[in-house]
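Chemist: Got a structure here, written out as structure tokens. Questions coming.
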Amino acid sequence: MHLQILLILLLPTLILSINQESLYLHTIKLGFDDPNGVFSNWNLHDNSSPCNWYGVKCDSLTRSVTSIDLSNTNIAGPFPASLLCRLKYIKYISFYNNSINSTLPVEELSACKSLVHLDLAQNLLVGSLPSSLAELHELKYLDLTGNNFTGEIPASFGAFRRLEVLGLVENLLTGTIPPEIGNISSLKQLNLSYNPFSPGRVPPEIGNLTNLEVLWLTDCGLIGEVPGTLRGLNKLVNLDLALNNLYGPIPSWLTELTSVEQIELYNNSFSGEFPVNGWSNMTSLRRVDVSMNRVTGSIPNGLCELPLESLNLYENQLYGELPVAIANSPNLYELKLFGNSLNGTLPEDLGKFSPLVWIDVSNNEFSGEIPVNLCGNGVLEEVLMIDNSFSGGIPQSLSQCRSLLRVRLAHNKFSGDVPVEFWGLPRLSLLELTNNSFSGGIAKTIAGASNLSALILSKNEFSGNIPEEIGFLESLVDFVGNDNKFSGSLPVSIVNLEQLGRMDFHNNELSGKFPSGVHSLKKLNELNLANNDLSGEIPREIGSLSVLNYLDLSGNKFSGEIPVALQNLKLNQLNLSNNGLSGGIPPSYAKGMYKNSFLGNPGLCGDIGGLCDGKDEGKTAGYVWLLRLLFVPAVLVFVVGVVSFYWKYRNYKKAKRLDRSKWTLTSFHKLDFNEFEVLRALDEDNLIGSGSSGKVYKVVLSNGEAAAVKKLSRNSKKVDESCDIEKGKYQDDGFDAEVETLGKIRHKNIVRLWCCCTTRGCKLLVYEYMPNGSLGDLLHSSKSGLLDWPKRFKIATDTAEGLSYLHHDCAPPIVHRDFKSNNILLDGEFGARVADFGVAKVIDVDDKGTMSMSVIAGSCGYIAPEYAYTLQVNEKSDIYSFGVVVLELVTGKLPVGPEYGEKDLVKWVCATLDQKGINHVIDPKLDSCFKEDISKVLQIGLLCTSPLPINRPPMRKVVKMLQEVGGGDQLKTALTDGKLTPYYHEDASDQGNDDKNNIVTALTVLGSSLSGATFLASVSLSLSFLIGAWMANNSVFSSELIYGDTRLETMSIKFISLLLCFMLAFSCFVQSSRCFIHANYLISTPDTDIPISYVELAVIRGGDFWSLGLRSLYFATPLLLWFFGPIPMFATSIGMVFLLHYLDKNTKELHKHRSSVNRKQPYQKLEGTTSSRVPIDRLVM
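Read left to right, the sequence shown gives residues -17 to -1, 1 to 1164 (mature numbering (1 follows the signal peptide of the UniProt record, and there is no 0)).
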């Protein structure tokens, strides 16, 4: 009765309180973005109690709000501390895994006096940790994991009275761990991992936390020895001190912590022997990881007698045998001992009583056979025993282990036949048996291994035919069996392996012909069948394999001609030597760089040393018959003259079409080619890529080097219209200034810009060529297996150094604006170069410190989130894009895709890490031994992709963090005038002036114009000598009409006439060389008094003398054949008419330009600092 009266009296107050709380909650709702609609029932108009609203709980008696749980609701906005703390009875607040993006207000939060549970983990909170949090005396649970808090942990945190859980994992906290933490006597869980603390020791005061159950100090910058005070943590269950720099021996008192279930000490600097005694007391211990230290001694038997689940001791200095007791553990699923000096045999019963999933004992000294019961429980997935001394064969029992995914037994002493059933394990993806003594053949049951992607059998004694069933392995990427005894023909079904990237069977006994249908192997990158007995013709279809860059068919019995279609390939390695090939060499390969690729083919002809000269001795009789008719000299010279004239005429028309007088070459390095050599190669056959900024061609230069030429396009027009080499009205838009800036860049991780060719209608950028293409194409293709973790880490480091140079060492700084994996090119050693500045702009910094960009740029999935509302791009945008590339390297996934739904790669990684852990993020193709390094790099990627630009570290700091991951190597820098100078340098030889380049180009063009005439003169004179020598030794030409007057007087006149022609030619050539040398000297001398017209005159006079010398050689040809009579001389003279016509055409063109020279123009400078130029069109013939 009294209670009812009390409730009646308090009812108005309660109703007023409830209405007030509803207003507070509704105001909280208005402060958040709610994409999922979780606040849909937070409505004041339906008179519903807030106790019924989503995430809200109330006291059953007073109906006051006591709990708000909005975890995993995807809401965004500032933390509403002032409103929440007005709820008098609030005890539980959880905003876990949202986008709360503010600081924690100090004064407002201290008003929540009743608060017991505060969970703000996995949000975007920033600022320092409020010291007033310790005033919440009722607080038991505080989790701020996964935010961006900075500064030090307040010493006032030691004043918590009832706190049981403190989580500050994955923030940006600095300083050291405060010893006051040891005053929180009620603490059960202390989680401070993954913060960039300053180097410091483990506070001994932590030993005062006698109720502590979880101590998680991973990656906290800890140094020194583990303090002995921790031996008093008798309730400790989980001890994690990994990823620090702790040293000294592993504490022997660890065995006194009898409640511990997990010990994580990996990746430190512990040394000394492994503790031997006391392990039998730790009956609760299940997981031990002391890997990646310098621990010595043997593995304790007492440790192996425990019912362990996981034992990781890899990469230490352990020796001795593996205790037999380890095989008796009923829980063991992971055993990794690789990288030690362990010996002896593996326990016979290993796997018999344990649900073993992963075993890795590589790089030890184990011997004996593989335990028969290794897969006794049928769950074994990985067996790695590389580089030991194991012997015997593969147990028959492993053939029944259908759970196997990866088997690597390379570099051992295994022998015997591989069990038939083992070949066909259905889940097997990798089988590596390299460098053993296995024999027998590949069984037909291989057809059952439908998931096999890598079959590596090299350096064994396998024999027999490769079965046709190999064609059923649709996922096969690597098929390697070199240095065996395989015989028979290549299986016809091999052309069904559409994913095949590498096939290497050199040094075997294969025979027969190539199977037809090779064109279906579109992804084949490497084909090596050297040193076999293959015969028949080389299939023309090989020329259609567009990604093939390694082809070795040497040491076989191939015959016939080399297919011309092979010219379509962009090969880095070609070897067709020691076969029976005949005919000519395709023109693209008739170069010095391939001089050893065709040796040992007696019937093969070409201009490369070691091959025949191309003459067909079988046609000797025909030549004799033609010579009898006395027309052979005329016909030969006539044909050569017509062909040469047509070739030169076609080049002349093409040069006219290119309007070469309008082209300007701006070089940034020493060049031994000109712009016309580049222009002639811009065919669609040489197209290797295209993008938003233009097309890219591969150009093989006359010196054998390859270059990548980018033909820039405009967004406002079609590509073909925007950059047509025959027309165009193209505005410069500051292009010259920007390209000049980019051309001065000298860094080993940035693609070198050799030169720029410009005209009004087109812009061409000539870069060095990268043979392995772009990172994006390689990483997201079936060839991604080529990128193991060391290569990926090297790519990340190289790219970071390139971006760091652009951001920090260029004046003014350069922002890439479109950084992505497709703009990272790989050289032959998989070194990374930053490329494609097609949308990059030089930042202009005004007096106010603002930066502006001229165009919108970026690629989907790489654009920083703030670009959506600022439309500004700066260095932080590049850093975000770099972080996305790092996540691509770690996950192997594209930045955007349907598997993410409405998310992208960054959000997917964050969500997956939180829900499933890191194992579900890392690319499964990466070796698990690099997991820790991968985890560190992943953290760097997530830091770079922080939603707030202020939280993204500068690229110089990113480089330092990556170097620390890779072993602490410091940048190769030098200190100059107190400033850090990167290890790039400026090549003084590249700072030539434009005037000199123009004149040198003119000399090159002039030489090219006269080279055809010189070549024809040499050919005709050589033919005259050969024909004359042959006629002199052939009795058929004994007739006086043919052989001529042989009297001494007549022969003397002939000899004197011929000698005069040669002397005149020699004198002209000498005088011409003097003119050219003089012109070159004038160009290279910084004399301010040298006129351009004078240099022009020297060049033109050199051309005149050279032309006169050629005329003398032309007249010498019929005079030489005059020795053999009037008819040979007359026939040769007909051909000379065409040669002289061609030479006259060149001479007229030369004097046409000469007539346009103004002899009285004022003197102009030729120095490197002047802006005056020698016009190319005045020097070009």
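Cβ atoms here follow ideal geometry from the backbone N, Cα and C, with glycine treated the same way.
Kindly provide the ranges of any beta strand (DSSP E) runs that are 3 or more residues long and lie completely inside the stretch 310 to 385, ordered along the chain.
Modeler: Whole beta strand (DSSP E) segments, 3+ residues: 317 to 319, 324 to 327, 341 to 343, 348 to 351, 365 to 367 and 372 to 375.
Chemist: Exposed or buried, what is K74 when buried is set at 16 or more other beta-carbons lying within 10 Å of its beta-carbon?
Modeler: Walking along the sequence shown from the start, residue 74 turns up at place 91. When all chains shown are included, K74 counts as buried.
Chemist: Can you tell me which of the three DSSP states E147 falls into?
Modeler: Within the sequence shown, the letter at position 164 stands for residue 147. Of the three classes helix, strand and coil, the one that applies to E147 here is coil, per DSSP.
Chemist: As an exercise, report each continuous alpha helix (DSSP H) stretch of at least 4 residues that is fully enclosed by the stretch 853 to 880, in chain order.
Modeler: Here the runs fully enclosed are 858 to 874.
Chemist: Using a threshold of 8 angstroms, state whether the C-beta atoms of V722 and M753 are closer than that.
Modeler: Residue mapping note: residue 722 aligns to position 739 of the sequence shown, counting from 1. Residue mapping note: residue 753 aligns to position 770 of the sequence shown, counting from 1. Not a contact, by the Cβ cut-off of 8 angstroms.
Chemist: Alpha carbon to alpha carbon, how far is N686 from D655?
Modeler: For the purposes of this step, residue 686 is identified with residue 703 of the sequence shown, where counting begins at 1. For the purposes of this step, residue 655 is identified with residue 672 of the sequence shown, where counting begins at 1. Distance between the alpha carbons of N686 and D655: 8 angstroms.
Chemist: Quick check on the burial criterion: 16 or more other C-beta atoms within 10 angstroms. Buried or exposed for S441?
Modeler: As a position in the sequence shown, residue 441 is number 458, starting the count at 1. Buried, because 16 or more other Cβ atoms sit within 10 Å of the Cβ of S441.
Chemist: Less than 8 angstroms between the beta carbons of G811 and G866, yes or no?
Modeler: As a first step, residue 811 is located in the sequence shown; it is residue number 828 there, counting from the start. As a first step, residue 866 is located in the sequence shown; it is residue number 883 there, counting from the start. No, the pair does not count as a contact, with Cβ atoms beyond the cut-off.
Chemist: Whose C-alpha, out of K876, Y852, P848 and L854, is nearest the C-alpha of S864?
Modeler: On the sequence shown, residue 864 is found 881 positions in, with the first residue counted as 1. Checking every option, the nearest Cα to that of S864 belongs to P848.
Chemist: Report the three-state DSSP secondary structure of V702 (helix, strand or coil).
Modeler: The count along the sequence shown starts at 1 and reaches residue 702 at position 719. Because V702 carries a pLDDT of 37, less than 50, the predicted location of this residue cannot be relied on, and the following value inherits that uncertainty. The answer is helix: DSSP assigns V702 an H, G or I state.
Chemist: Measure the alpha-carbon distance for S169 versus L67 and round it to whole angstroms.
Modeler: Translated into positions along the sequence shown, residue 169 becomes position 186. Translated into positions along the sequence shown, residue 67 becomes position 84. Their backbone Cα atoms lie some 26 angstroms apart in a straight line.
Chemist: A393: which of D370, R410, S374 and L381 sits nearest, CA to CA?
Modeler: As a first step, residue 393 is located in the sequence shown; it is residue number 410 there, counting from the start. Checked all of D370, R410, S374 and L381; the closest Cα to A393 is D370.
Chemist: Return the first residue and the last residue of the beta strand (DSSP E) that F253 is part of.
Modeler: Here residue 253 refers to the residue found at position 270 of the sequence shown. First-last of the beta strand (DSSP E) with F253: S252 to E256.
Chemist: If distances are taken between C-alpha atoms only, which option among E196, T159 and I167 comes closest to P186?
Modeler: Numbered from 1 along the sequence shown, position 203 holds the residue referred to as residue 186. Of the listed residues, the one whose Cα sits closest to P186 is T159.
Chemist: Where does V620 land, buried or exposed, given buried means 16+ other C-beta within 10 angstroms?
Modeler: The residue labelled residue 620 in the question sits at position 637 within the sequence shown. Low per-residue confidence applies at V620: pLDDT is 49, beneath 50, and the placement is therefore not dependable enough to give any value.
Chemist: By alpha-carbon positions, which one of N250, V307, L770 and L416 ends up nearest to V278?
Modeler: For the purposes of this step, residue 278 is taken as residue 295 along the sequence shown, with counting starting at 1. Considering only alpha carbons, the answer is N250.
Chemist: Which runs of the beta strand (DSSP E), 3 residues or longer, sit entirely within the stretch 53 to 127?
Modeler: Listed in chain order, the complete beta strand (DSSP E) runs (minimum 3 residues) inside the stretch 53 to 127 are 75 to 77, 100 to 102, 109 to 111 and 124 to 126.
Chemist: Let's see if you can read the secondary structure: which residues bound the alpha helix (DSSP H) around I917?
Modeler: In the sequence shown, the residue the question calls residue 917 occupies position 934. First-last of the alpha helix (DSSP H) with I917: K914 to C927.
Chemist: What is the DSSP secondary structure of V475, reduced to helix, strand or coil?
Modeler: Translated into positions along the sequence shown, residue 475 becomes position 492. Three-state DSSP puts V475 in a helix.
Chemist: My assumption, with CB atoms under 8 angstroms, is that residue 1221 sits in contact with L229. Please give the rounded CB distance.
Modeler: What the structure shows of the chain is the stretch from -17 to 1164, and residue 1221 is not part of that stretch, so it cannot be assessed.
Chemist: May I have a chain-ordered list of the alpha helix (DSSP H) segments no shorter than 4 residues that lie completely inside the stretch 177 to 241?
Modeler: The stretch 177 to 241 contains no whole alpha helix (DSSP H) run of 4 or more residues.
Chemist: Under a three-way DSSP split, which group does D906 fall into?
Modeler: Here residue 906 is taken as the residue at index 923 of the sequence shown, counted from 1. In the structure shown, D906 sits in coil (DSSP, three-state: anything other than H, G, I, E or B).
Chemist: Count Cβ pairs between the stretch 564 to 583 and the stretch 537 to 544 that sit closer than 8 angstroms; are there 3 or more?
Modeler: Short answer: they touch.
Chemist: Note down, in chain order, each residue of its chain lying with its Cβ closer than 6 angstroms to the Cβ of V403, except the 5 sequence neighbours on either side.
Modeler: Here residue 403 corresponds to residue number 420 of the sequence shown, with the count starting at 1. Answer for V403: A426 and T428, listed in chain order.
Chemist: Have a look at T128 and L101 and give me their C-alpha separation to the nearest angstrom.
Modeler: Your numbering for residue 128 matches position 145 in the sequence shown. Your numbering for residue 101 matches position 118 in the sequence shown. So the two alpha carbons sit approximately 11 angstroms from each other.
Chemist: Among Q172, E188, E153 and T157, whose alpha-carbon lies nearest the alpha-carbon of I164?
Modeler: As a working note, residue 164 is residue 181 in the sequence shown. Out of Q172, E188, E153 and T157, E188 has the C-alpha closest to the C-alpha of I164.
Chemist: By DSSP, does M1046 sit in helix, in strand, or in coil?
Modeler: In the sequence shown, residue 1046 corresponds to position 1063, counting from 1. DSSP places M1046 in helix when its eight states are reduced to three.
Chemist: At which residues does the beta strand (DSSP E) containing C745 begin and terminate?
Modeler: Residue 745 sits at position 762 when you count from the first residue of the sequence shown. Element bounds for C745: C745 to E751.
Chemist: Starting from the C-beta of P(-6), find all residues in its chain whose C-beta is less than 8 angstroms away, skip the five residues before and the five after it, and write them out in chain order.
Modeler: Here residue -6 is taken as the residue at index 12 of the sequence shown, counted from 1. Confidence at P(-6) is low in this model, with a pLDDT of 44, below 50, so the placement of that residue should be treated as unreliable; the coordinate-derived value is given next. Correct list: empty, nothing qualifies.
Chemist: Could you check whether the stretch 70 to 86 touches the stretch 107 to 122, counting it as contact only if at least three pairs of C-beta atoms, one from each stretch, sit closer than 8 angstroms?
Modeler: Verdict: yes, contact present.
Chemist: Which word fits D16, buried or exposed, when buried means at least 16 other C-beta atoms lie within 10 angstroms of its C-beta?
Modeler: Here residue 16 corresponds to residue number 33 of the sequence shown, with the count starting at 1. Looking at its Cβ environment, which holds fewer than 16 other Cβ atoms inside 10 Å, D16 is exposed.
Chemist: Whose CA, out of G211, T133 and V273, lies closest to the CA of S181?
Modeler: Start at 1 with the first residue of the sequence shown, and residue 181 comes out as number 198. Of G211, T133 and V273, the residue nearest in Cα terms is T133.
Chemist: Tell me whether K979 is buried or exposed, calling it buried when 16 or more other Cβ atoms sit within 10 Å of its Cβ.
Modeler: The count along the sequence shown starts at 1 and reaches residue 979 at position 996. Caution is warranted here: a pLDDT of 43 is assigned to K979, below 50, making its placement in the model unreliable, and no coordinate value can be reported.
Chemist: Work out the CA separation of C740 and L695 for me, nearest whole Å.
Modeler: Counting from 1 along the sequence shown, the entry for residue 695 is found at position 712. Counting from 1 along the sequence shown, the entry for residue 740 is found at position 757. Going by the C-alpha atoms only, they are around 11 angstroms apart.
Chemist: Which of helix, strand or coil does DSSP assign to E658?
Modeler: Start at 1 with the first residue of the sequence shown, and residue 658 comes out as number 675. Looking at E658 - three-state DSSP - the assignment turns out to be helix.
Chemist: Please work out which residues of its chain come closer than 8 angstroms, Cβ to Cβ, to H791, disregarding the five sequence neighbours upstream and downstream, and give them in chain order.
Modeler: For the purposes of this step, residue 791 is taken as the residue at position 808 of the sequence shown. P937, M938 and R939, listed in sequence order.
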